[in-house]
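Here the protein sequences line up with chains A and B, keeping their order.
For reference, each letter of the first sequence is one residue, going 1 to 152 in the UniProt record's numbering.
For reference, each letter of the second sequence is one residue, going 1 to 152 in the UniProt record's numbering.
For each residue, glycine too, the CB sits at the ideal point set by N, CA and C.
Nothing here was measured: the structure is a model prediction, and the numbers come from that model.
Data first, discussion second: the structure below is written as structure tokens.
2 protein chains.
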Amino acid sequence: MISDPTDKKLLALLQENSKKTNKELAGKLGLSVTAVYERIRKLERAGVISKYVALVRPEKVERSFTAFCHIKLVQHTKGNVTGFESQVTKLPEVLEVFHVSGEYDYILKVMVKDMEAYREFMLNKLTTLQHIGSTQSTFVISPVKNTTELSV
Amino acid sequence: MISDPTDKKLLALLQENSKKTNKELAGKLGLSVTAVYERIRKLERAGVISKYVALVRPEKVERSFTAFCHIKLVQHTKGNVTGFESQVTKLPEVLEVFHVSGEYDYILKVMVKDMEAYREFMLNKLTTLQHIGSTQSTFVISPVKNTTELSV
DNA sequence: ATTTTTGGCAGATAAATATTCTGTGCAGGA
DNA sequence: TCCTGCACAGAATATTTATCTGCCAAAAAT
Numbered sequence: 001m002i003s004d005p006t007d008k009k010l011l012a013l014l015q016e017n018s019k020k021t022n023k024e025l026a027g028k029l030g031l032s033v034t035a036v037y038e039r040i041r042k043l044e045r046a047g048v049i050s051k052y053v054a055l056v057r058p059e060k061v062e063r064s065f066t067a068f069c070h071i072k073l074v075q076h077t078k079g080n081v082t083g084f085e086s087q088v089t090k091l092p093e094v095l096e097v098f099h100v101s102g103e104y105d106y107i108l109k110v111m112v113k114d115m116e117a118y119r120e121f122m123l124n125k126l127t128t129l130q131h132i133g134s135t136q137s138t139f140v141i142s143p144v145k146n147t148t149e150l151s152v
Numbered sequence: 001m002i003s004d005p006t007d008k009k010l011l012a013l014l015q016e017n018s019k020k021t022n023k024e025l026a027g028k029l030g031l032s033v034t035a036v037y038e039r040i041r042k043l044e045r046a047g048v049i050s051k052y053v054a055l056v057r058p059e060k061v062e063r064s065f066t067a068f069c070h071i072k073l074v075q076h077t078k079g080n081v082t083g084f085e086s087q088v089t090k091l092p093e094v095l096e097v098f099h100v101s102g103e104y105d106y107i108l109k110v111m112v113k114d115m116e117a118y119r120e121f122m123l124n125k126l127t128t129l130q131h132i133g134s135t136q137s138t139f140v141i142s143p144v145k146n147t148t149e150l151s152v
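Structure representation (structure tokens):
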């Protein structure tokens, strides 16, 4: 898909730090500023780069308690699925939702302040959603690695 | 921790799109460009903003197959833990590693090209690591939500 | 109550960077 | 061989970031 090695290096660099200037990138890639600029534009237009974001340290905003919540729906009908998905997507405590194979239907990554906040979240937010059969929570003791970088 | 409502809005905006100019941000926040600039610098220096990154669309770089791999160590000694963690952290297919409570010791989020690539990854990379007792894989059928934004 | 200090801000300016423009060389196709 | 289309470099321009100066209001000190 991306065959060009220069584009690969460029993507690696931008995934690591998107604030690098075109001049810096040009130096690392052995290109002119213009060439770098045009390659980036192309990667953006092609949708390879979807967006640029600032990453926030969870502990600085009281969101360092992470849990994985496994969810089984009562019944896996089309209506239930889309209903549940549209509702759970709206919850800001839920960073990630995956529909998965196996014993449970969904895995949610939830980030809140602490265990007490998680309890409140489960009680007042998650379990008020319709179509949920059962849940099972797994708590993060320590986040060992957490990157957004896809090696290309 | 972050009490100021303007800083909260600013963080929300930058988490959504870090390429917005200070001028745009100033408009949305009702501040001068200088004020925005200084607030951002402060958030960076305080470590609230940890980094700026480009996000890449997995399907554009042949990494759209996602699996959660649950791992049990043979023995949970200090040596095993640090050994395993330092090794697993190095694998580029593994985006996230969490040490967790419950039946398994670790949850890994793995992103590769397809099921075949996952098989290869398990065979040639993961299971060659020392100290691993057992593993259990859960496959993502569809990624429903996947954000890096912490609502503040 | 008055003075001093501090922090956040606006506006002007300077410096750096991004973006556009122009032209060149090269590879592939008619 | 002659087009044609890229990818690129370098120059020119536009935009943005970063710095500097001074103002004002709130808090602290006298």
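- Close CB contacts of B:Leu25 within its chain, under the 7 Å cut and outside five residues either way in sequence, are with Leu10, Leu13 and Val36 (chain order).
- For B:Gln130, there is no enclosing beta strand (DSSP E), as DSSP marks it with neither H nor E.
- Rounded to the nearest angstrom, the gap between the Cα atoms of A:Lys8 and B:Met1 is 39 Å.
- When the alpha-carbon of A:Asn80 is set against those of A:Phe68, A:Glu149, A:Tyr106 and A:Glu120, the nearest one is in A:Tyr106.
- When rounded, the separation of the alpha-carbon atoms in A:Val97 and B:Asn17 is 21 Å.
- Taking 8 Å as the upper bound for CB-CB distance, A:His76 and A:Gln136 are not in contact here, some 17 Å apart.
- Secondary structure of A:Leu73 (DSSP, three-state): strand.
- In the DSSP assignment, B:Leu14 falls within the alpha helix (DSSP H) that extends over Pro5 to Glu16.
- Under the Cβ criterion (8 Å, minimum of three pairs), the region 82-95 of chain B does not count as touching the region 118-131 of chain A.
- A:Lys72 and A:Ser134 have their C-alpha atoms roughly 5 Å apart.
- Under the Cβ criterion of 8 Å, A:Arg41 is not counted among the residues facing chain B.
- Note that the C-beta distance between A:Ser151 and B:Arg57 is not below 8 Å.
- Per DSSP, A:Ile40 has no beta-bridge partner at all.
- Taking 4 residues as the shortest admissible run, the region 83-125 of chain A contains the following complete alpha helix (DSSP H) segments, listed from N- to C-terminal end: 115-120.
- Between A:Ala67 and A:Tyr118, the beta carbon gap of about 6 Å places them in contact (Cβ cut-off 8 Å).
- Residues are counted here when their Cβ sits less than 8 Å from a Cβ of chain A; for the region 48-61 of chain B these are Val48, Ile49, Ser50, Lys51, Tyr52, Val53, Ala54, Leu55, Val56, Arg57, Pro58, Lys60 and Val61, given in chain order.
- Burial check for A:Ala54: the Cβ neighbour count within 10 Å reaches 16 or more, so the residue is buried.
- Residue contact check for B:Val152 against chain A: a CB pair falls below 8 Å.
- When DSSP states are grouped into helix, strand and coil, B:Ala46 belongs to the coil group.
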